[in-house]
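The structure appears below as structure tokens.
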Amino acid sequence: ENYKELKQIGKGAYGVVMMVQYIPDGKEYAMKVIPLGKLDQYQRKCMEHEIEIHKTISHPNIVELFESFDENNIRYVILELANQQSLYEYLNNRAAEKQPLTKQEIQNFSIQILTALDFLHKKQIIHRDVKPENIFMNMDDSQNIQLKLGDFGLAKENAADSVVGTYYYMAPEMFERVRYKTEIDVWAFGCVFYTMITYVLPFYSQSSEYVKMIKNIKYKKLNDKKAQEVLNSIFTTQQNRSTVEEVLALPFFKYQSSYTQDTEEEEPLLVTVENLASSN
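Sequential numbering of the sequence shown, starting at 1, is according to full-length UniProt numbering.
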């Protein structure tokens, strides 16, 4: 009763996501609407698990969960509302405008995603579905963009061995039914990082070749040495893959404060306007 529905803004694994207004103070939130009758026992358990994990998390780069309650056999989950689109939509729009992200934007966005993952991994939480569609954007009055990692529908504590997640962001070990841990989120970050630079996925095939492609780690390398060094530390076997902390310590992420402008002209790392158009 305290919430007024404004419009539908998304569709999740279990139900729709509405933009709502909290009537007492006028603040806007995202509200997941989950019809409990449509869930089987396993789905219900997963949903409860997602909510329990999410309630324990408070971090500036992670979507906050404020409350959840049941009414008429429907579960309502009240979440922080990002005031901009997802990173996926943002990258699509920039690609359509033939505007590569600057190195500083890539550094800034990457550091925010890695910081969120570092926080989760230190709590022994694997996100398992890191992708641009699950990264939301907030913009403040000074036009600074803050990224928020969301959608904990697949999050899992400690180790896991089930095949879940989004195909093109999945690490090779996820196809081998071996136990995996936080390394899978690092691989997925590598795919997001590559996509921010090139506007294409590093590993993409609509055939069974895909699994072969990621197991052999075949992708088009980047021109920028420091950016490629990031990928070298990520696109490798589970045993050799860097942790989030190790990735953050790489030279690519050592940049001047965002408040001091680089003196040299910002160069796109790989794509030029010409090959950006043809790569989609």
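All residues carry an ideal CB built from backbone N, CA and C; glycine is no exception.
Query, Result
"Sort out for me which residues DSSP pairs L149 with in a bridge.", "I62 and I135"
"Can you check the region 206-230 for any alpha helix (DSSP H) of at least 4 residues that lies completely inside it and give the ranges in chain order?", "209-215"
"So G15 and P35 are supposed to be a Cβ contact under 8 Å. How far apart are they, rounded?", "6 Å"
"Which residues share a DSSP beta bridge with P35?", "I74"
"Is DSSP giving G190 helix, strand or coil here?", "helix"
"Indicate the three-state DSSP secondary structure (helix, strand or coil) for I126 in the structure shown.", "strand"
"Given a threshold of 16 other Cβ atoms within 10 Å of its Cβ, counted over all protein chains shown, does F193 qualify as buried or as exposed?", "buried"
"Within 10 Å of its beta-carbon, does R177 have 16 or more other beta-carbons around it, so buried, or fewer, so exposed?", "exposed"
"Considering only the alpha carbon of each residue, which of T198, Y169, V200 and F175 lies closest to D185?", "Y169"
"To which residues of the same chain is L81 closer than 7 Å at the C-beta, ignoring the five residues directly before and after it?", "M19, E28, Y29 and A30"
"Check for me: the alpha helix (DSSP H) holding Y88 runs from which residue to which?", "L87 to A96"
"With distances taken between CB atoms, is the gap from Q21 to K4 smaller than 7 Å?", "yes"
"Using only CA atoms, which one of K221, S208 and D25 lies nearest to L201?", "K221"
"Check whether chain C comes within 7 Å of V192, counting only Cβ atoms and requiring the distance to be less than that.", "The displayed structure is made up of one protein chain only, and chain C is not part of it."
"Per DSSP, F69 forms a beta bridge with which residues?", "Y76"
"So which of K254, K55 and E183 has the shortest CA-CA distance to G150?", "K55"
"Less than 7 Å between C-beta atoms, sequence neighbours within five positions excluded: which residues of the same chain meet that for T115?", "N61"
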